[in-house]
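Note sheet for the following structure.
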Amino acid sequence: MDHHCVYYQKPLLGSGTLGTKGNVQMVVPFLTTSYSSSQDPPEKSFAICTLKKFSNAIEHTLQGSKFMERTLQLAGTQAFGKTTAWTDCVTWAYQHQHTQYSDNIQQLTAQIPSRLVTQEIYST
2 MDHHCVYYQK PLLGSGTLGT KGNVQMVVPF LTTSYSSSQD PPEKSFAICT LKKFSNAIEH
62 TLQGSKFMER TLQLAGTQAF GKTTAWTDCV TWAYQHQHTQ YSDNIQQLTA QIPSRLVTQE
122 IYST
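Under the working numbering, the first residue of the sequence shown carries the number 2, and numbering increases by one thereafter.
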């Protein structure tokens, strides 16, 4: 995208996420560096959208579980009204599983058409 900005001499304010980090870069043609002229050091984290919607490698699963573990250790993220009744635990587990592996997948397939190729998803 930044090469189009340089070609057409238009400024660009680019932003993105990687894991829990955010970044912003201003590209002003012939004044600042563009994305293609600089290279970030490799990181061991993945974009949140990749972890939540497009996990396709074991590293994504591991990173996602680490993210969930850290989140659950934060104050205020624990469930209120914990129950010890077996039936309540089974009910919660069923509802959680249904949300994560049925509702979320149906929502994702409705949002992103199956004919869309991977490259098109990441370029938008």
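All C-beta atoms, glycine included, are put in the ideal place defined by N, C-alpha and C.
Cβ-based burial, residue i [other Cβ within 10 Å; buried from 16]
i	result
Gln64	buried
Val91	exposed
Selected residue, minimal CA-CA separation from residue i, among the options
i	options	result
Pro30	Tyr8, Gly15 and Ser16	Tyr8
His4	Gln112, Lys83 and Thr34	Thr34
Gly17	Lys11, Val25 and Thr62	Val25
Near the ligand MN: residue i beta-carbon under 7 Å from a heavy atom
i	result
Leu14	Summarising the ligand content, the structure contains no ligands, and the ligand MN is consequently not present.
Contacts around residue i, its chain only, beta-carbon distance under 6 Å, and the 5 residues preceding and following it disregarded
i	result
Gly141	The structure shown does not extend to residue 141, since the chain is modelled only from 2 through 125, so no value can be given for it.
Nonlocal neighbours in the same chain, by C-beta distance under 8 Å from residue i, ignoring five residues either side
i	result
Gln98	none
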